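**Student:** In this note's numbering, the protein residues as written are 1114 to 1333. Glycine included, each C-beta is placed from N, C-alpha and C at the ideal position. Remember, it's a predicted structure, so these values are computed and weren't measured experimentally.
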Amino acid sequence: MSINVSTKTMVGWMLIVGPILAFLIWGILYDAIIGTSELEGSAGIMESLQMGKDGGVLTTLFAIIGSLGFIGMLIAFSIKCRSILDENGNGLAAVGLMTFMLSAVLITAGTSMGYAGQVTFGEGGQENMTAAVSMDMMSDAIGAGMPLFMGISFLLLGLAITSLKKTTSNTVISWLFIAVSAFMLITVFVPDLFDGMVGMIAWLIMTLTAVYYGVSTLRE
């Protein structure tokens, strides 16, 4: 049996399914089913880890599916940058390719560290619990750099798309990515601005933009 899927089809579906999975899992289902602590500092981390432990296998499934969705989306974006680079040699696409891949590496490292912390916490014992809190803090620290790298990546991709054939779809997509990049870069300097509902709306806009780009890719 031979399975042969074109790059365009694969990338298109990764841009559609990936961000939807990440938004549903991390943005809605995890908080609704597993829960997160409203406490601050180590106490909040400890409570969140306990909630994750109580969630059992569902916590692990959410972590895996959400991570794969987000990482798949970033890989798809990097392939789109490579496509633009191959088409017209755009230097912005070349840099965007690297920054999207770096973002994927950061997400992988952060989620892996968070998963390791959850497993360590589940083993019980004061020493393991202390180590788990440290791992979770490291995971959060890695994730703190994501808005900067992804903001730059989306800006580069949006600008690179303007070098392609002038179509309504390309124009809309390029400006949407530039707008998404502006949201993310603002959070670097004003991290509390997009807390709560505003942050969810910004995340939803990014998700819908990625899905639109995926649909456009399938229609090319």
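Tell me whether Met1127 is buried or exposed, calling it buried when 16 or more other Cβ atoms sit within 10 Å of its Cβ.
**Tutor:** Buried, by the Cβ-count rule.
**Student:** Give me the residue from Glu1153, Leu1137 and Gln1163 with the minimum Cα distance to Asn1100.
**Tutor:** Within the shown structure, residues of the chain are numbered from 1114 to 1333, placing residue 1100 beyond reach of any answer.
**Student:** What is the C-beta distance between Ser1155 and Val1232, in whole angstroms, given that I count them as a contact (C-beta under 8 Å)?
**Tutor:** Going by Cβ atoms, the distance from Ser1155 to Val1232 rounds to 19 Å, so no, they are not a contact pair.
**Student:** Leaving out five residues on either side along the sequence, give the residues of the same chain with a beta carbon under 6 Å from the beta carbon of Leu1135.
**Tutor:** Note on residue identity: the sequence assigns Ala, not Leu, to residue 1135. Closer than 6 Å at Cβ, skipping near neighbours: Gly1179, Gly1182 and Phe1183.
**Student:** Could you say which of Asn1201, Thr1284, Tyr1228 and Arg1195 lies nearest to Phe1213 if we only look at CA atoms?
**Tutor:** Residue Arg1195 is the option with its Cα nearest to Phe1213.
**Student:** Going by alpha carbons, who is nearest to Ser1216 out of Gly1204, Pro1260 and Ala1206?
**Tutor:** The shortest Cα separation from Ser1216 among Gly1204, Pro1260 and Ala1206 belongs to Pro1260.
**Student:** Assuming Gly1140 and Ser1150 are in contact, meaning their beta carbons sit under 8 Å apart, how far apart are those beta carbons, in whole angstroms?
**Tutor:** Actually they are not in contact, since the Cβ atoms of Gly1140 and Ser1150 sit about 17 Å apart, beyond 8 Å.
**Student:** Can you say whether Met1310 is buried or exposed, counting buried as having 16 or more other CB atoms within 10 angstroms of its CB?
**Tutor:** So Met1310 ends up on the exposed side.
**Student:** Quick check on DSSP: helix, strand or coil for Leu1181?
**Tutor:** Leu1181 falls in the helix class under three-state DSSP.
**Student:** Output the distance between the C-alpha atoms of Gly1238 and Ala1244, rounded to the nearest integer angstrom.
**Tutor:** The alpha-carbon atoms of Gly1238 and Ala1244 are separated by roughly 10 Å.
**Student:** If we ignore side chains and look at the alpha-carbon of each, how far apart do Asn1203 and Ile1129 end up?
**Tutor:** About 25 Å.
**Student:** Label Pro1132 either buried or exposed according to how many other C-beta atoms from any shown protein chain fall within 10 Å of its C-beta, with 16 as the threshold for buried.
**Tutor:** Label assigned to Pro1132: buried.
**Student:** What does a CB cutoff of less than 7 Å around Ile1286 pick up in its chain, not counting 5 residues either side in sequence?
**Tutor:** Ile1274, Tyr1325, Tyr1326 and Ser1329, listed in sequence order.
**Student:** I think Ile1147 touches Thr1172, with their Cβ atoms under 8 Å apart; what is that distance to the nearest whole Å?
**Tutor:** About 6 Å separates the two Cβ atoms, so the contact holds.
**Student:** Check Lys1278 in the structure and name its three-state DSSP category.
**Tutor:** Three-state DSSP puts Lys1278 in coil, outside helix and strand.
**Student:** Within its chain, find whatever has a CB closer than 8 Å to the CB of Met1114; leave out the 5 residues flanking it on each side and keep chain order.
**Tutor:** Low per-residue confidence applies at Met1114: pLDDT is 49, beneath 50, and the placement is therefore not dependable, though the value from the model is reported in the following sentence. Answer for Met1114: no residue qualifies.
**Student:** Would you mind reading off the limits of the alpha helix (DSSP H) that contains Ser1119?
**Tutor:** No alpha helix (DSSP H) holds Ser1119; DSSP gives it neither H nor E.
**Student:** Using a Cβ-Cβ cutoff of less than 7 Å, which residues in the same chain neighbour Ala1207 once the five nearest sequence positions on both sides are dropped?
**Tutor:** Within the same chain, Ala1207 has close Cβ partners Leu1198.
**Student:** Can you tell me whether DSSP reads Val1124 as helix, strand or coil?
**Tutor:** Correct three-state label for Val1124: helix.
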